[in-house]
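Report on the following structure.
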Amino acid sequence: MSDAIDTSGAAANGFEPRITAFVCNWCTYTGADLAGTSRLHMASNVRIIRLPCTGRIDPLFIIKAFERGADGVIVSGCHPADCHYTTGNYHARRRFAVFHDIMEFIGVDPRRMTFSWVSASEGAKWRDVVNEAVTNVRALGPFDAYRALAPEDAGVATPAGPAAEVATPAATAKAEAS
Amino acid sequence: MSVPSRTLAAEVREATGINVATCYQCGKCSAGCPMASESDLRPHNVMRLVMQDRRKDALGDQSIWLCLTCETCSARCPNGCDPARVIDAVREIAIEAGGADMPRTIAAFHRAFLQQIRSNGRLHEMGMVVEYKLRSGDLVKDANNVPAMVSRGKLSLLPDRIDGLAEIKRIFEKCGVTP
Amino acid sequence: MTDVAYYPGCSLHGTSREFDESLRAVAAELGIGLAEIADWSCCGASSGHTTDHLLGVALPARNLALAEAQGFDTVLAPCAACYNRLSAARLAIATEDGLAERIPDVLGRPFANSVEVHNAVELLRDASATIEQKVAVAVAPNPLKGVKLAAYYGCLLVRPFEVCGYDDPEQPTSMDDVIEACGADAVDWDMKVECCGGAFSVSRTASVLRLGRAIIENARSHSAEAIIVACPLCHSNLDLRQKAMARRGEEPLPILFVTEMVGLALGLAPADLGMSRHFVDTAPFMTRLVKQAAERVVAEKLAKEEAAAKAAARAEKQKVSA
Amino acid sequence: MSRIGVFVCHCGENIARTVDCAAVAEALKDHPGVAVAEDYKYMCSDPGQALVKKAIEDNNLTGVVIAACSPHMHEKTFRRACDQAGLNKFMCEMANVREHCSWIHEDRGEATDKAIDITRTIVEKVKHNRPLESIHIPVTKRALVIGGGIAGIQAALDIADGGHEVVLIEKEASIGGHMSQLSETFPTLDCSQCILTPRMVEAYQHPNIKLHTWSEVEKVEGYIGNFEVTIRKKARSVDEDLCNGCGDCQAACPAKRIPSEFEAGLGKRTAIYVPFPQAVPNIPVLDRENCTLFKGRRKGLAKDVCGKCKEACLKAAIDFDTEDTFVTEAVGAIVVATGFKLYDIGREQPEGLKGYGEYGYGEVPDVIDGLQFERLASASGPTEGAILRPSDGKEPKTVVFVHCVGSRDPEKGISYCSKICCMYNAKHAMLYKHKVHDGRAIAFYMDIRAAGKGYDEFSRRAIEEDGAEYVRGRVSRIFREGDKVKVWGYDTLSGEQVVIDADMVVLATAMRPQDGIRELAQKLSVSTDEHGFINEAHPKLRPVETNTAGVFVAGACQAPRDIPDAVAMASATGAKVLGLFSADELEREPAVAVVDENTCIGCMRCELVCPYGAIEQREICAVDGHVCGQVAYVNPGVCQGCGTCQAVCLSKSVELQTFTDEQIFSEINALAYWE
């Protein structure tokens, strides 16, 4: 996969980052839709996972994304005070302030993560966020620190290995309860 | 002049970063231009000609040299098109193209002025006036003012020359300007 | 207070000596130290940037580089034209792609674009409090008290806003503030920021006469007794060319540099401010002002005495009635 | 084992141009859990949907993934199709391979790879979807209309006539808005008051309309069908029930020199006042800022220095000690109609605006704005309709009208066209010429924008029949010279500078949203554009809805609008509200959180973060009935499905249906395939 916008970096190290984006349904997802309807071309390295609100984002999602081979992560939601759910993105913001240090602690370079606010009317801003994230992460090179942890047979439906507990503690909890 | 590959608008944009297409010809620039009554092309006309890539008409007209660079047009432009800067750029392009129709007197003035800087580092007004007279050819005008100025100590007969002349010459060379 | 780097520019060494002289005199009075930049060179004026953009940036940049090298963080450029070119260069280098990298090579000396540029009006506006105090305590009667003066900014002090930006580009007030600080009345007129013909003084005198006349007429119609300027170009256009503009029998209108005005208010002698160098003779104007001032002082004195007398009389009456 | 159907849409050329749809279907065909994978030219077309339905029946699919456009576009369509085919509609999801893929990439290889990833991700999600039932919530069939201008009045009347209660609130003392200030209206020149006043009275007397004037929105809670709005009734100092509008208080008030807002500063009013004679309700308010008594109180004087109005009031309706009161209203829908204000060219400007120094920052007395001219021209205005200039009350013989002041002037902070100025300038020129026959009306314009029924004919008439002189060019400077106003213009058509010694200048200043619109928008959680105008849900297809369900928008608070536009929008919101009220219950997606009581430890952190207060504590009892613990409970009616509770849950016991951990982790895992 090669970056549609700026291949200079790619030429340098021939590496194309894979980036997982967690976006809220109301602002950034719609903003990305707008980028589409406006035909704004951008790097194709980003895969979007739609959530109702950045407030729904569990830090474990991000750790999981890195564990499953993402080189970078984008988290983007409504502008402060514009949250569709009035305050969800504030909780997200507060949580990620702390989260930053945790990532560093567990050995993920915070520069691999992009936090941004993109509103439904900011298609162009979404393009820039995507392209910048790709350029930055490309410069950082691949993230393989967790590859070792990843199970050989990357079971998808029910993630195996150490991820399992992380993935669905609710399920396990149920098991104990019953 | 040689036929350039790019449009005039493109050249202007490269030189100034201004997109002349943002001009919607409202004429506010020309309404306030102090030289409008004396020039055939008013600021918004120049914008128009650049927009339409009418190179000869834009570069060839005297009007662009009648601009006082007083910036009134740019200060009041509703779209921030900065006509003054565009006219600046058009003048430069005209000089490069060699097709510039600069009024003799004004051309003479600028050359005389720059010549002074190049050879003294500072403006030696007396020297400049003399130089200007020779280049422009209107020897009588202002001549009667000279004694008065000398008597008021406003014109020194000797230039004051700076030490760093080499630097000044370097600057002129680097900019490719020979007055 | 520490010294500011002083960039006089060619005019202040030549056609506008009085600006230089009056500025130095006033600065001394106000306790502002001026250190002339060693080996400064011409800013290129309009000829520079009219001919070549890079040249128009590089020529002023050399002087900023010198000031930098001589350890200053602000440069005072009293000449409006120089001020405009210096600040424009500063802005261009800060904003235009690749220029900052290119300039040191063009100049042949290091340059960090670290010095700020101020003009004379800015300097005096910031000092206006001090001016007011000094005027208040001056021994000689202030000749400017109540005199109607028109602040003429012209182009280069206020435009373009991105470059100057220390005052409103359409309705500036800084020079008016200085006028008020001097005890004079700043008249509200319409040509504050219209162009006087600038660099065309020599090359296209006819235009200068037309534009200059409009300015002087408007000032006069708003009953200004003199026009205050801070730009050598404006000054020579309005002063040197005024004779040619004037209609028969018209009283000439003195054109004073803002520094000269402040000097007068501070009680300095016109001669020390270089006012003898003007083409429009300032002597009659000054005699009138001094006369007015003297009369005012006398009148005030009399009024005081009368008041005192009345008071005494009243006291007397009360004694009697008691 | 799930049996999922994957259906890849070409969207004509829109997707197929850059994405190899067949390849996408092919790639998913053998993916675990996928029963069938097909591609088709137009999935959303009838045959396309038929294809999906058939596949569901033939392969009795447990889930469906449509790889096509954004879910915001067609999710409803396909879920309906699934429903009809007997598959629970929440087992159907969209994979967005158009907006998020084919439209933003050029390289076919890349785009196809990405499309496959996106589709697979959603397939993995759907594997964990559960059949859900929609939630039904009751609708309060009462509407709130914010703003009592012509738009608000029209919306209120339409809803009220539809048989539902309306709460109409207006921040001024009277309804009527800007229209009540206008003299005559284009393009018919009928008298504004004459057509408006009856509507105002009708609204006031309507049995279904409850009017709060001198009131503002304080707080908005709830959601579509179930809003609870707190209204601040500002202290009026006059008892609305006792007052009979006799006007004795105004006559008695000593403060008579206060510039009247209604007269756009050209007339004066008293401190206790009714904004204008036809005001509705005809009940005064006391302007405490300018009231002699309150000035005294602010100075801290021992006893009140005035009180003449109170003495004059035979009904004893005046009380100086009233304070702001709050009323809460339960409504099911909200219409925002707060209208506009004019760009003030002065030196002091809000964020982003610059003002007009070259026009003297509005300090020249005979330079006025459009609304002020309306008052001059109005028979009920300060000059009883005579065109007299403010400075010396003389009749101006030369009047200059300047279009696009503020409007279409990005450097001053406004890029848009205010839409109505071309028309009202033409009207002003006409009215002036009708009143001052020997006068000159000169209009400086850039373009004449007169799109509308009878509009262009109207503006032409101003030129052709009434002799208004139109000059194409912007004005560079305006300043006072003697008793004249100098105008420096340029005629771009004849190519000459034009200098005019005018007696009066009328600036067609830009239309801006009313003050406080941003705060209001925040309370309603609707978005505004960079200028502060309320954003509609879709510029073409949902022009009067906002991005918050149940909140609608009408008139000039959405964009510059003239009267016909504003009224049309208002009636449109009326129709929308009545439509909403036509059902007793609303169907809502079951995107709500549910608590697993078996694992909940009752820490109630979820309660803390819930933006809607949808979570409460509950006791759970064992079989024998004794209380055996505290757990959280989510009220599905109130929950809006943000999922914040789930993210903070320590025991992972609260789960947002449609976005469960299992679903999301599966999506993340799915991406591991993308090497």
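Protein chains in written order, with this note's numbering: chain E, 1 to 178; chain Y, 1001 to 1179; chain B, 2001 to 2322; chain R, 3001 to 3675. Don't be surprised by glycine CBs; every beta carbon is placed ideally from N, CA and C.
Considering only the beta carbon of each residue, do residue i and residue j sit closer than 8 Å?
i, j, result
"T3140(R)", "N3226(R)", "yes"
"I1087(Y)", "I1064(Y)", "yes"
"F3340(R)", "P3543(R)", "no"
"C1077(Y)", "M1035(Y)", "no"
"S2011(B)", "P2284(B)", "no"
"G123(E)", "A35(E)", "yes"
"P3609(R)", "V3638(R)", "Correcting the residue type first, residue 3609(R) is Val in the shown sequence and not Pro. No; because the gap between Cβ atoms is not below 8 Å, this pair is not in contact."
"R3232(R)", "F3326(R)", "yes"
"K3029(R)", "A3037(R)", "yes"
"V3526(R)", "V3551(R)", "yes"
"M1126(Y)", "L1155(Y)", "yes"
"G2212(B)", "M2245(B)", "yes"
Taking the beta carbon of residue i as the centre, do at least 16 other beta carbons fall within 10 Å, making it buried, or is it exposed?
i, result
"I106(E)", "exposed"
"M3001(R)", "exposed"
"S38(E)", "exposed"
"N3535(R)", "buried"
"H2278(B)", "buried"
"K2243(B)", "exposed"
"D3661(R)", "buried"
"N2084(B)", "buried"
"H100(E)", "exposed"
"N131(E)", "buried"
"E2300(B)", "exposed"
"L1134(Y)", "exposed"
"H3178(R)", "buried"
"K3540(R)", "exposed"
When you compare the CB of residue i with every CB in chain B, is at least one pair closer than 8 Å?
i, result
"G3149(R)", "no"
"E3496(R)", "no"
For my contact list, residue i and residue j are in at a C-beta cut-off of 8 Å; report their separation, rounded to the angstrom.
i, j, result
"E3587(R)", "H3136(R)", "6 Å"
"R3375(R)", "Q3657(R)", "In fact, because the Cβ distance is near 59 Å, the residues do not count as touching under 8 Å."
"I1168(Y)", "I1117(Y)", "7 Å"
Return no unless some Cβ of chain E is closer than 8 Å to the Cβ of residue i.
i, result
"F3186(R)", "no"
"R3618(R)", "no"
"P3543(R)", "no"
At the 8 Å Cβ level, is residue i part of the contact set with chain R, yes or no?
i, result
"R1085(Y)", "no"
"K1133(Y)", "no"
"T114(E)", "no"
"M103(E)", "no"
"K125(E)", "no"
"A1036(Y)", "yes"
"E2170(B)", "yes"
Examine chain Y for any beta-carbon lying closer than 8 Å to the beta-carbon of residue i, and answer yes or no.
i, result
"C2234(B)", "no"
"K3412(R)", "yes"
inquiry  = Assess contact between the region 2147-2161 of chain B and the region 1074-1087 of chain Y, defined as three or more Cβ pairs (one per stretch) separated by less than 8 Å. Is contact present?
reply    = yes
key: Selection of the region 3461-3476 of chain R by Cβ proximity to chain D, strictly under 9 Å   = Of the chains in the structure shown, none is chain D; the protein chains are E, Y, B and R.
inquiry  = With three or more C-beta pairs closer than 8 Å as the rule, is the region 3304-3314 of chain R touching the region 3212-3224 of chain R?
reply    = no
key: contact_flag[the region 3040-3051 of chain R, the region 3010-3027 of chain R] where n(CB pairs < 8 Å) is 3 or more   = A contact exists between the region 3040-3051 of chain R and the region 3010-3027 of chain R.
query = Touching or not, the region 2173-2188 of chain B and the region 2216-2229 of chain B, by the rule of three or more beta carbon pairs under 8 Å?
reply = Put simply, the region 2173-2188 of chain B touches the region 2216-2229 of chain B. At least three CB pairs are less than 8 Å apart.
message = Across the region 3141-3156 of chain R and the region 3548-3564 of chain R, are there enough close Cβ pairs to call them in contact, namely three or more that are closer than 8 Å?
response = yes
query = Using 8 Å as the Cβ pair cut-off and three pairs as the minimum, do the region 1021-1031 of chain Y and the region 3462-3476 of chain R touch?
reply = yes
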